[in-house]
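Asker: Numbering (numbering that gives the first Met the number 0), first residue to last: 0 to 244. The C-beta atom is built at its ideal place from N, Cα and C for all residues, glycine as well. Only a predicted model underlies this, so the values are computations on that prediction, with no experimental measurement involved.
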Amino acid sequence: MTTAIIGGTGLNQLPGFTSLQEYTQDTPWGAPSHPVQRGKLGECEAYFLARHGVPHRLPPHLINYRANLWALRELGVTQVVAVNAVGGISAPMGPGVLSVPDQLIDYTWGRQHTFYDGGELDLKHIEFTQPYSSNVRDSLLQAALDAGVECRAGGVYAATQGPRLETAAEIKRLAQDGCDVVGMTGMPEAALAAELELDYAALCIVVNWGAGLNAQPITEAAIHDILQQQGVNVSGWLQQFLQRQ
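#1: Using a 10 Å radius around the Cβ and a threshold of 16 neighbouring Cβ atoms, would you call Gly-230 buried or exposed?
#2: With DSSP as the reference, label Tyr-106 as helix, strand or coil.
#3: Go through the region 154-230 residue by residue and report every complete run of the alpha helix (DSSP H) that reaches 4 residues or more, in order.
#4: Count the other CB atoms within 10 Å of the CB of Met-92; is the residue buried (16 or more) or exposed (fewer)?
#5: Considering only C-alpha positions, which residue in the set Ala-66, Glu-21, Tyr-46 and Glu-126 is nearest to Ser-32?
#6: Would a C-beta distance cut-off of 8 Å place Met-183 and Pro-54 closer than the cut-off?
#7: Can you have a look at Phe-114 and say buried or exposed, based on whether 16 or more other CB atoms are within 10 angstroms of its CB?
#8: Between the Cα of Asp-105 and the Cα atoms of Phe-47, Trp-208, Ala-190 and Met-0, which residue gives the shortest distance?
#9: Got a sec, what are the start and stop residues for the alpha helix (DSSP H) Ser-98 sits in?
#10: For a test of the three-state rule: what should DSSP assign to Gln-141, helix, strand or coil?
#11: How far does the alpha helix (DSSP H) with Ala-90 in it extend, from its first residue to its last?
#12: Taking just the CA atoms, how far does Ala-158 sit from Pro-130?
#13: DSSP three-state call for Ala-146: helix, strand or coil?
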């Protein structure tokens, strides 16, 4: 297995990752968010891609998800772990919790969400009942045990448009729909990975309560504090994951 880690908000650089080589690529869909890095996390090799660019500059709705996934596939990547900063909706998903969701609901719009858009590729309707790879999820959950990292197994990820955060009424609606966490980059990334037959799973860091679920205002400073606190835990977790491959 050849693994790529996609880093989200606050993880433009993964703690402990040493870059050995960068790949500046063009794809049929344009350029990726940032040159893909090949390097080492601990003793294991992996690829790393900063989803929002370096520095953090690309809003969720303008990320070139197609170019990102295509570039990884062209480098020989076969499985992807996507790290996402998310808001918590259901009671167990408070700030600081780490989660490996098993389902998602897509509320995004207007994004380039498929490779099968009437161009050179023949039309294909992918099977998407289970949006995340069970093999990657199982390996992540076992790696969390090995690393001594507490995480939540399962849950529904709501993908919203952004870049603004949601209203209290929108969070209430997402809760009624059965969503446990909310983020802005889970789709179309997961579907595009499936179209390219890449095994894909999400590792979510809950950085705030959803709007209206806590009396305290949501601030970027508080979000980045949690990302900084959990960055080392996520890095150790991913090292254990890579050792299992």
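Answerer: In terms of the structure at hand:
#1: buried
#2: coil
#3: 167-175 and 188-194
#4: buried
#5: Ala-66
#6: no
#7: buried
#8: Ala-190
#9: Where Ser-98 is concerned, there is no enclosing alpha helix (DSSP H), although the beta strand (DSSP E) it sits in stretches over 97-99.
#10: helix
#11: Careful: Ala-90 lies outside any alpha helix (DSSP H) and carries neither H nor E.
#12: 13 Å
#13: helix
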